[in-house]
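Going from the sequence shown to this note's numbering is simple: count from 1 and add 20.
C-beta atoms are modelled at their ideal positions from N, C-alpha and C, and glycine is treated no differently.
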Amino acid sequence: MEFGLTEDQVRIYTEAFNDQDKNHTGALTPPELGVLMRSRGHTLSDEDMRDLAADKYGSITLADFLQIMAKREMEVALQQKLERAFKVFDTDGSGLISVDLASEFRTQMTTLGPKPFTQEEFDNFLSEYLVEAIPNHPADTDGLLDYGDFVKIMLRKGP
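Written out as structure tokens, the structure is:
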């Protein structure tokens with residue numbers, strides 16, 4: 021497994037890279053990379069594009085692309101794993117879980133494990149979601165959390 025990708029993934033991404041490399045230079049510009057990433061179901065933020073342009077003098081090699089895709093594949097796998105963990109608490113399949121004081125999720129988070137959250141720590145854990153979710157879903161008023169959105173917020177912030 022090269023770059024943490026399977027042989028099949030390396031083959032598929034290499035073919036896609038070579039198809040996008042119309043001039044056969046072995047390198048892509050950041051805009052070309054953006055097109056390639058979108059064709060593979062991923063996006064690059066403006067910040068990613070600026071970083072790539074600054075770090076690689078405006079060109080992205082196949083090795084750079086494979087590293088980027090390996091990172092994206094790991095991010096997708098982590099997102100799916102987290103969503104499966106939250107889904108355990110989604111009893112009606114709505115994509116929402118209760119986080120009110122009597123919820124099973126809150127109870128588990130504040131009682132299980134070697135160092136469970138205090139009520140205050142749990143509230144801090146949810147605080148950023150509550151701020152960002154208000155326009156889409158007022159979790160602070162109905163006690164429900166859209167765990168798909170919550171996972172995205174968690175991953176955006178990093179460890």
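Taken in chain order, the complete alpha helix (DSSP H) segments of 4 residues or longer contained in the region 21–109 are 27–40, 50–59, 66–75, 82–107. Closest option to E27, judged by alpha-carbon separation, among L102, L86, S59, N38: L86. The beta carbons of M57 and L64 sit closer together than 7 Å.
Your pair Y149 and L132 does not check out as a contact, with CB atoms roughly 21 Å apart and the cut at 8 Å. Pairwise C-beta distances place the region 110–121 out of contact with the region 89–102, as fewer than three of them are shorter than 8 Å. Going by DSSP, F137 is part of no alpha helix (DSSP H) at all; its letter is neither H nor E. Secondary structure at L175: helix, using DSSP grouped into helix, strand and coil.
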